[in-house]
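The structure appears below as structure tokens.
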Amino acid sequence: MAWNLTHDDIERIAIGAGILGTGGGGNPYRGMTRARLQLDQGHQLQIVGLDELPDDALVVPIGGMGAPTIGLEKIGRGDEGKVAIEELESQLGVKVAATVPVEVGGGNSFTPMIAATQLGLPTVDADGMGRAFPELDMVSYYFDGVAPSPIVMVDCQHRKVIIRDVSDTRMLERMARAMCVQLGGSAMVADCPIPVRRLRETCIPNTLTLAHRIGDAVLTAQHQGNDPVGTICEVTDGRVLFGGKVVDVDRRFERGYNFGRLRIAGLGAWEGSTARIDLQNEFLICQVEDEVLAIVPDLITLVDSERGNPITTEVVRYGLRVTVLGIPAPPQLTTEQALHFVGPQA
Numbered sequence: 000m001a002w003n004l005t006h007d008d009i010e011r012i013a014i015g016a017g018i019l020g021t022g023g024g025g026n027p028y029r030g031m032t033r034a035r036l037q038l039d040q041g042h043q044l045q046i047v048g049l050d051e052l053p054d055d056a057l058v059v060p061i062g063g064m065g066a067p068t069i070g071l072e073k074i075g076r077g078d079e080g081k082v083a084i085e086e087l088e089s090q091l092g093v094k095v096a097a098t099v100p101v102e103v104g105g106g107n108s109f110t111p112m113i114a115a116t117q118l119g120l121p122t123v124d125a126d127g128m129g130r131a132f133p134e135l136d137m138v139s140y141y142f143d144g145v146a147p148s149p150i151v152m153v154d155c156q157h158r159k160v161i162i163r164d165v166s167d168t169r170m171l172e173r174m175a176r177a178m179c180v181q182l183g184g185s186a187m188v189a190d191c192p193i194p195v196r197r198l199r200e201t202c203i204p205n206t207l208t209l210a211h212r213i214g215d216a217v218l219t220a221q222h223q224g225n226d227p228v229g230t231i232c233e234v235t236d237g238r239v240l241f242g243g244k245v246v247d248v249d250r251r252f253e254r255g256y257n258f259g260r261l262r263i264a265g266l267g268a269w270e271g272s273t274a275r276i277d278l279q280n281e282f283l284i285c286q287v288e289d290e291v292l293a294i295v296p297d298l299i300t301l302v303d304s305e306r307g308n309p310i311t312t313e314v315v316r317y318g319l320r321v322t323v324l325g326i327p328a329p330p331q332l333t334t335e336q337a338l339h340f341v342g343p344q345a
């Protein structure tokens with residue numbers, strides 16, 4: 000059944016998507032404010048299941064590309080996704096029926112909703128990662144051969160880049176990333192539309208619902224005075240990897256990504272130990288001393304130790320008291336085929 004989001008729903012999805020985003024996917028607070036603005040302007044943000052669309056209906060995966068620090072600084076117009084989809088429709092001579100997130104993580108959970116409502120379309124309750132990843136080729140829609148091009152890129156000045164006839168997703172990522180850098184480090188990207196029947200076979204379903212459930216659990220725990228961190232673990236089957244104070248953040252913009260690492264000095268049960276987390280837009284590997292505690296495709300998430308709110312890679316800073324969570328990856332990311340794209344060697 001179609002689900003029209005309220006302001007409260009948007010807050011819950013923002014928190015849950017921030018947790019699923021493993022530090023990336025765009026700032027969830029900014030995504031939340033943009034989505035709420037659409038409601039304030041009289042639009043509806045409608046979420047539908049795949050079973051509510053015809054098999055041959057075309058769905059456009061869409062999301063923001065770039066480094067999180069750049070995305071935080073560049074506000075954008077707010078209609079880049081709409082413009083990208085309209086250009087894609089013009090290029091292909093088709094009409095799309097819905098949008099779908101490329102990734103549920105962070106602000107990119109809201110990107111397809113905002114574009115969809117501006118076009119009078121719904122957004123599908125699914126995504127291609129079940130989290131956030133740094134590269135376009137790490138999307139489940141493309142693991143088994145769905146053509147990833149043409150894509151349309153649009154920046155905040157409405158400059159458009161169209162990349163056609165590229166069937167290799169890693170080549171497409173390299174080409175799109177290079178253009179993204181030329182566009183100032185961030186751009187909206189609308190991918191080639193996918194028929195619903197094909198999307199059912201390749202997507203990770205019900206991830207917006209999952210994000211909402213996580214966010215609702217966190218807010219409920221906060222309001223009732225319960226432990227929100229433990230609540231997150233219950234909802235996601237996750238576990239606490241480490242807890243402490245951020246003592247060092249090394250973050251740099253390079254080749255269109257944010258690379259870096261942070262160090263966390265242990266507190267409480269972890270007193271005397273230091274955790275290191277390496278990042279490329281998202282948190283990718285967590286180590287304590289020489290022991291690897293978690294690595295992609297499993298989710299490594301940083302949350303505020305007291306409130307359980309997500310902390311993303313572009314805002315993490317010295318002095319924050321944080322808890323590091325490890326959350327199992329969706330099964331769609333753990334097959335041999337998927338690990339070729341999203342495993343540690345990728």
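Per numbering that gives the first Met the number 0, residue 0 is the first one in the sequence shown, and the count goes up by one each step.
The beta carbon of each residue, even a glycine, is placed where N, CA and C say it ideally should be.
* Does DSSP classify ILE9 as helix, strand or coil? -> One-based indexing of the sequence shown puts residue 9 at position 10. In the structure shown, ILE9 sits in a helix (DSSP, three-state: H, G or I).
* C-alpha gap between TRP2 and GLN45, whole angstroms -> In the sequence shown, residue 2 corresponds to position 3, counting from 1. In the sequence shown, residue 45 corresponds to position 46, counting from 1. Between TRP2 and GLN45, the C-alpha separation is close to 5 angstroms.
* Asked: Does the region 177-194 come within contact of the region 248-264, defined as at least 3 CB pairs closer than 8 angstroms?
  -> yes
* Asked: Do ALA97 and GLN153 come within 8 angstroms of each other at the CB atom, strictly closer than that value?
  -> Counted from its first residue, the sequence shown places residue 153 at position 154. Counted from its first residue, the sequence shown places residue 97 at position 98. The question names Gln, yet the displayed sequence has Val at residue 153. The answer is no: Cβ separation not under 8 angstroms.
* Asked: Just curious, the alpha helix (DSSP H) that PHE340 is in, first and last residue?
  -> Residue 340 sits at position 341 when you count from the first residue of the sequence shown. Taken as a continuous stretch (DSSP letters only), the alpha helix (DSSP H) holding PHE340 covers 335-341.
* With distances taken from CA atoms, which of THR201, GLN40, PRO327 is nearest VAL239? -> By 1-based counting over the sequence shown, the position of residue 239 is 240. Nearest of THR201, GLN40, PRO327 to VAL239, Cα basis: PRO327.
* In the DSSP assignment, find the alpha helix (DSSP H) that holds ILE69 and state where it starts and stops. => On the sequence shown, residue 69 is found 70 positions in, with the first residue counted as 1. Here the alpha helix (DSSP H) through ILE69 covers 67-72.
* To do: Report yes or no: do the region 50-68 and the region 185-202 share at least 3 C-beta pairs separated by less than 8 angstroms?
  => yes
* Member of PHE132, ARG197, SER272 whose CA lies at the smallest distance from the CA of PHE340 -> By 1-based counting over the sequence shown, the position of residue 340 is 341. Among PHE132, ARG197, SER272, the Cα nearest to that of PHE340 is on PHE132.
* To do: Evaluate ILE74 with the Cβ neighbour count: other Cβ atoms within 10 Å of its Cβ, from every protein chain shown; 16 or more gives buried, anything less gives exposed.
  => Here residue 74 refers to the residue found at position 75 of the sequence shown. ILE74 should be labelled exposed.
* Could you tell me if ASN26 is buried or exposed, where buried requires 16 or more neighbouring beta carbons within 10 angstroms of its beta carbon? => Taking the sequence shown and counting its residues from 1, the one referred to as residue 26 is at position 27. Looking at its Cβ environment, which holds 16 or more other Cβ atoms inside 10 Å, ASN26 is buried.
* Pull up the distance between the alpha-carbon of ARG212 and that of GLU10, whole angstroms please. => Sequence index remark: in the sequence shown, residue 212 carries index 213 (1-based). Sequence index remark: in the sequence shown, residue 10 carries index 11 (1-based). Rounded to whole angstroms, ARG212 to GLU10 spans 11 angstroms at the Cα level.
* Asked: Identify the residues that DSSP records as bridge partners of GLY259: which are they?
  -> Position 260 of the sequence shown holds residue 259. Partner(s): ARG250, LEU278.
* To do: Given a cut-off of 8 angstroms, decide if ASP126 and CYS202 are closer than it, judged by their beta-carbon atoms.
  => Numbered from its first residue, the sequence shown carries residue 202 at position 203. Numbered from its first residue, the sequence shown carries residue 126 at position 127. Taking 8 angstroms as the Cβ cut-off, CYS202 and ASP126 qualify as a contacting pair.
* To do: Determine contact between the region 15-33 and the region 272-288, defined as no fewer than three beta-carbon pairs at a distance below 8 angstroms.
  => yes
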